[in-house]
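Protein chains in written order, with the working numbering: chain A, 372 to 942; chain B, 392 to 620.
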């Protein structure tokens, strides 16, 4: 924690804490905690027993959502991005999360490391190489394999990983942080719906919202963990053929990652999660700099500048492109899939970002959650995607084939084209694992907070419970099948949540407007109970004692003592 | 923007009065800062803390009567006082329902010279004009006085009845000062031996003490929660 750090005010909880000793103390919201846990076990059991039917069902749902609601996703994503940019440059930008005088809890670097590690995760590592390759060899808007296809490939990759996903995170994170830190509501997804449901958020409606968020977060993180270890296993097998690609190895990997994540989440934000996120960002930066220096440096730097130019040049048309006149379904498998994925992921990432953003102004928040991460992502994609394209177009080639044969291996195949590949591959494995751990621990923390009724410092035993539960769900689905089915189900929740996000824009605007100007003072007194007096003109106004300002002894240094941070909450 | 801000803050202003059993005399303005019935005002208005009362008036945006022969006035006591920095915290001694916005108290350091500000007060309450007036202006400068008080000077002509009212920073919608009076350079140079020209009185510049002194009194009265950790 930085030297000037302050703490966010303790958030009001939905249930009072019970029990004496910290380690055995439980602080659960009974409905949210137990119903969520029960639903998770039930979903896993049904998926394990009826895998093929569940798979078919969720695929059909996902297919229908993409086909019939693709236009809605595309429209909603753009509306949200415009809304967030308007907040950045508009009159609300000076509002401070936590109230006037609130000081940020973490240094800017630690804050950025945590939100970036939670927001992007492992996908960036694999798809940074793979996605430009996919679009290069099967471009929807250019002849495959041409320079134009390369430009379009980077443009689409920027679209899918750029401003839009971060705008979604910024919206959810900002809404949660504002309603929690400035309005005194619990840090829980239900809080965002206060302008719509009022006090009813504390009843069944709020419970359902929090249960949905908990279950969606659990399946999002657990299926990513389950599917991701298969990729890690494939990568390890490529590097060291003596490590087989097998379920036991993958279970061991899940156990290891879960153990580190459990340690991290038990240590808490200040040490465990912050430390691992910073480590993650440092190692990832080292890997990127390695590729930048030992790869086609000039090509990457040229590409970085040009890609950003192309992105903004084509931004209006590409971000609203719907394949209307092409009669193809390319977009369903890519853009619409991504939009559903980011939206489904947003309760988790948004809530985590909110938790770490106390004390930031809205302007700082949006710059830090929208602009900076998008730029860093662009640099990352230009480095890895650019290096892959350079090798494919002007070098030895083979990256596109590696991507199609075995996606996770393609990262290591790319690194083999540069010197010291043993070192860089090892670095890549470490980055993969730290990205995993940082997604897992932040996911656990979010579930901990929601199921503890908004307590931002949930008891340690509950942190262990949910972190271990994540590992168990991932292992069960890995052993019994159903990872893809549940991930598809999680993405399908993107549609209802997209509608909720649009409502969130309205709720947030209403809340901010009321906060800044709409609220007023009111005094309700029964005049009959208050004594009445006749009024009269005053002949002599009190002035005695107002000249002390000019005759006192001069003082040096600050005249106003610093006000302790109170978060603006009055007792 | 000023219209919305004015509407927000008018309801928080009350007339500060002193009763003699049957009649009330107008002292100045006080403004609500806490739902438990606390108000801030200028310390010199309540040097004599006896028989203080506060009375809200219609703060709507319609046409309202300019004067009232009778007003309902609630008893108030001085809860905290900082005479050095000219600030007092009052407490209404009557059980009534009060609500205040979530966020309206700012910091004087956030307002800079040139910023638009708005002051509110019962400008002519002493002449029996019982209506809150909203006056706009810009911050002329910020000064540190010889006794170590942070003052905000702004270019409007505060009337006697405005004293004790809030000074609001228009851009961020927070109260940044507590109107204390008209700025009179003659007061500043009083007692100087090498000064042969008295500056004119009644400038169109007024001054407000930094709201931070008022917030410090609120903290002293336990109106803010202690910081966790």
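The beta carbon of each residue, even a glycine, is placed where N, CA and C say it ideally should be.
Classification of residue i by the beta-carbon crowding that lies within 10 angstroms, buried from 16 upward
{"i": "residue 770 of chain A", "result": "buried"}
{"i": "residue 488 of chain B", "result": "exposed"}
{"i": "residue 394 of chain B", "result": "exposed"}
{"i": "residue 731 of chain A", "result": "buried"}
{"i": "residue 765 of chain A", "result": "exposed"}
{"i": "residue 571 of chain A", "result": "exposed"}
{"i": "residue 897 of chain A", "result": "exposed"}
{"i": "residue 867 of chain A", "result": "exposed"}
{"i": "residue 405 of chain A", "result": "exposed"}
{"i": "residue 609 of chain B", "result": "buried"}
{"i": "residue 550 of chain B", "result": "buried"}
{"i": "residue 600 of chain A", "result": "buried"}
{"i": "residue 682 of chain A", "result": "buried"}
{"i": "residue 903 of chain A", "result": "exposed"}
{"i": "residue 621 of chain B", "result": "Any property of residue 621 of chain B remains undetermined from this structure, which presents chain B solely from 392 to 620."}
{"i": "residue 688 of chain A", "result": "exposed"}
{"i": "residue 895 of chain A", "result": "exposed"}
For residue j and residue i, the rounded distance between their alpha carbons
{"i": "residue 505 of chain A", "j": "residue 509 of chain B", "result": "60 Å"}
{"i": "residue 885 of chain A", "j": "residue 495 of chain B", "result": "12 Å"}
{"i": "residue 603 of chain A", "j": "residue 510 of chain A", "result": "28 Å"}
{"i": "residue 644 of chain A", "j": "residue 449 of chain B", "result": "54 Å"}
{"i": "residue 746 of chain A", "j": "residue 824 of chain A", "result": "35 Å"}
{"i": "residue 613 of chain B", "j": "residue 431 of chain B", "result": "15 Å"}
{"i": "residue 596 of chain A", "j": "residue 499 of chain A", "result": "19 Å"}
{"i": "residue 490 of chain B", "j": "residue 429 of chain B", "result": "11 Å"}
{"i": "residue 531 of chain A", "j": "residue 553 of chain B", "result": "57 Å"}
{"i": "residue 552 of chain A", "j": "residue 733 of chain A", "result": "12 Å"}
{"i": "residue 842 of chain A", "j": "residue 800 of chain A", "result": "20 Å"}
{"i": "residue 411 of chain A", "j": "residue 878 of chain A", "result": "30 Å"}
{"i": "residue 584 of chain A", "j": "residue 434 of chain A", "result": "23 Å"}
{"i": "residue 748 of chain A", "j": "residue 691 of chain A", "result": "21 Å"}
{"i": "residue 684 of chain A", "j": "residue 863 of chain A", "result": "31 Å"}
{"i": "residue 562 of chain B", "j": "residue 467 of chain A", "result": "14 Å"}
Cutoff 8 Å; reference residue i; Cβ partners in own chain excluding five residues on either side
{"i": "residue 408 of chain B", "result": "415, 416, 417, 418, 443, 444, 445, 446, 462, 464"}
Close Cβ partners of residue i (< 6 Å) along its chain, the five nearest in sequence each way excluded
{"i": "residue 774 of chain A", "result": "501, 504, 781"}
{"i": "residue 723 of chain A", "result": "489, 813, 817"}
{"i": "residue 944 of chain A", "result": "For chain A, the structure presents residues 372 to 942; residue 944 of chain A sits outside this window and is missing."}
{"i": "residue 648 of chain A", "result": "484, 485, 488, 809"}
Range of the contiguous alpha helix (DSSP H) that encloses residue i
{"i": "residue 776 of chain A", "result": "770-776"}
{"i": "residue 415 of chain A", "result": "401-420"}
{"i": "residue 679 of chain A", "result": "668-691"}
{"i": "residue 875 of chain A", "result": "865-884"}
{"i": "residue 720 of chain A", "result": "706-727"}
{"i": "residue 762 of chain A", "result": "743-765"}
{"i": "residue 815 of chain A", "result": "792-822"}
{"i": "residue 696 of chain A", "result": "Where residue 696 of chain A is concerned, there is no enclosing alpha helix (DSSP H), given that its DSSP letter is neither H nor E."}
Continuous beta strand (DSSP E) stretch holding residue i: start and end
{"i": "residue 560 of chain B", "result": "557-560"}
{"i": "residue 405 of chain B", "result": "404-410"}
{"i": "residue 659 of chain A", "result": "Residue 659 of chain A -> not in any beta strand (DSSP E); alpha helix (DSSP H) instead, spanning 645-665."}
{"i": "residue 468 of chain B", "result": "465-473"}
{"i": "residue 489 of chain B", "result": "488-490"}
{"i": "residue 509 of chain B", "result": "507-512"}
{"i": "residue 526 of chain B", "result": "524-535"}
{"i": "residue 543 of chain B", "result": "541-545"}
Contacts that residue i makes with chain E (C-beta to C-beta distance below 7 Å)
{"i": "residue 456 of chain B", "result": "Protein chains in the displayed structure are A and B, and chain E is not among them."}
Contacts around residue i, its chain only, beta-carbon distance under 7 Å, and the 5 residues preceding and following it disregarded
{"i": "residue 394 of chain A", "result": "Here the model assigns residue 394 of chain A a pLDDT of 49, short of 50, so the residue's position is not dependable, and the following value carries that caveat. Closer than 7 Å at the Cβ level, and outside the excluded window around residue 394 of chain A, lie 831, 832."}
{"i": "residue 531 of chain B", "result": "504, 544, 545, 546, 596"}
{"i": "residue 694 of chain A", "result": "701, 702"}
{"i": "residue 603 of chain B", "result": "498, 499"}
{"i": "residue 618 of chain B", "result": "Summary for residue 618 of chain B: the model assigns pLDDT 36, below 50, so the residue's position carries little reliability, and this model does not support an answer."}
{"i": "residue 568 of chain A", "result": "576"}
Meets three-Cβ-pair contact criterion under 8 Å: the segment 831-844 of chain A and the segment 628-637 of chain A:
yes
Validate contact between the segment 588-608 of chain A and the segment 570-580 of chain A using beta carbons, cut 8 Å, 3 pairs
no
Can at least three beta-carbon pairs, one atom from the segment 783-790 of chain A and one from the segment 709-720 of chain A, be found at a separation below 8 Å?
no
Touching or not, the segment 665-674 of chain A and the segment 479-490 of chain A, by the rule of three or more beta carbon pairs under 8 Å?
no
Between the segment 841-849 of chain A and the segment 424-439 of chain A, do at least 3 Cβ pairs fall closer than 8 Å?
no
contact_flag[the segment 794-801 of chain A, the segment 605-612 of chain A] where n(CB pairs < 8 Å) is 3 or more
yes
Taking three-plus beta-carbon pairs below 8 Å as touching, is the segment 752-760 of chain A in contact with the segment 621-628 of chain A?
no
Between the segment 613-625 of chain A and the segment 870-887 of chain A, do three or more beta carbon pairs fall short of 8 Å?
no
Taking three-plus beta-carbon pairs below 8 Å as touching, is the segment 732-752 of chain A in contact with the segment 538-553 of chain A?
yes
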